[in-house]
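Numbering (numbering that gives the first Met the number 0), first residue to last: 0 to 162. All C-beta atoms in this analysis are idealised placements derived from N, C-alpha and C, irrespective of residue type, glycine included.
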Amino acid sequence: MVTCQSCGFEVEDGSKFCKHCGSEIIVEEETVDSNETKFCANCGFEMPKSNKFCPECGSSTDSAPKVVNNVNNSVVNSDKNPVLAAILSFLIVGLGQIYLGLNKKGIILFVAAVISGVLMLFIIGWITWLLVWGYAIYDAYNSCEKICNGIPVEDTIDINNLF
């Protein structure tokens, strides 16, 4: 049933004029651009931007925007700060990755930094520690940028893409 915009009387679907007051019934059709989508903050389901509730889990879509990390299907906040991620990795190697939810990558980098710290008894440890530290800062910033733009980020270190 459709309601009349003038008097609020319910009229049958398909009616062009209200039986109660005679006003013309104007039916507003929703136009949805199929390219405009958003993700559910609760389950990560992709849906049109016009949806007020998720068709998958039923939760409201008015909460903060989130992006689904397609690699491990975890929901990651898209409002993370790349500079903060880099600063955290500057202070403690791997902490920026843990801030982003990339726990495995953060732990791998932290362990590599500890091993490099032990190797500082020899000259090579200073070089490897600086490389791990620099990479952790660089990766934290770039991973955060990708996550904020909705690009999936793997929670591993790909040796092939280091150079």
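In or out: S33 buried (at least 16 other Cβ within 10 Å) or exposed?
-> For S33, the pLDDT reaches just 49, beneath the cut-off of 50, and the residue's location in the model is therefore unreliable, although a value from the coordinates is still provided. The residue in question, S33, is exposed, as its Cβ has fewer than 16 Cβ neighbours within 10 Å.
In whole angstroms, what separates the C-alpha of L99 from that of E144?
-> Rounded to whole angstroms, the separation of the alpha carbons of E144 and L99 is 10 Å.
Starting from the C-beta of I150, find all residues in its chain whose C-beta is less than 7 Å away, skip the five residues before and the five after it, and write them out in chain order.
-> Cβ neighbours of I150 beyond the five flanking positions: none.
Starting from P47, trace the beta strand (DSSP E) both ways and give me its first and last residue.
-> Per DSSP, the continuous beta strand (DSSP E) segment holding P47 begins and ends at E45 to P47.
How about the segment 114 to 128 and the segment 75 to 89: do they share at least three Cβ pairs that are nearer than 8 Å?
-> The answer is no - the segment 75 to 89 does not touch the segment 114 to 128, with fewer than three Cβ pairs under 8 Å.
For P47 and G57, the rounded distance between their alpha carbons = Each residue's Cα considered, the two are about 14 Å apart.
Per DSSP, what kind of secondary structure is A63 in: helix, strand or coil?
-> Its pLDDT being 45, under 50, A63 is placed unreliably by the model, and the measurement read from it follows with that caveat. Here A63 sits in coil by DSSP.
Could you please give the first and the last residue of the uninterrupted beta strand (DSSP E) stretch that includes F38?
-> Taken as a continuous stretch (DSSP letters only), the beta strand (DSSP E) holding F38 covers T36 to F38.
Look at the Cβ atom of V92, then the Cβ atom of V152, and state whether they are nearer than 8 Å.
-> Contact: no.
For K18, count neighbouring Cβ atoms within 10 angstroms of its own Cβ and tell me buried if that reaches 16, exposed if not.
-> K18 comes out exposed.
Over the uninterrupted alpha helix (DSSP H) stretch that includes T127, give me the two end residues.
-> Residues I123 to C147.
State the Cα-Cα distance for the pair K37 and V1, rounded to the nearest angstrom.
-> K37 and V1 have their C-alpha atoms roughly 29 Å apart.
Nearest-angstrom beta carbon gap, C20 and Y6 [assumed within contact, 8 Å] = For clarity, residue 6 is Cys in the given sequence; the question names Tyr instead. Sure, about 4 Å apart at Cβ, within 8 Å.
How would you write the range of the alpha helix (DSSP H) that I86 sits in, first residue to last?
-> Under the DSSP assignment, I86 falls in the alpha helix (DSSP H) whose first and last residues are P81 to L90.
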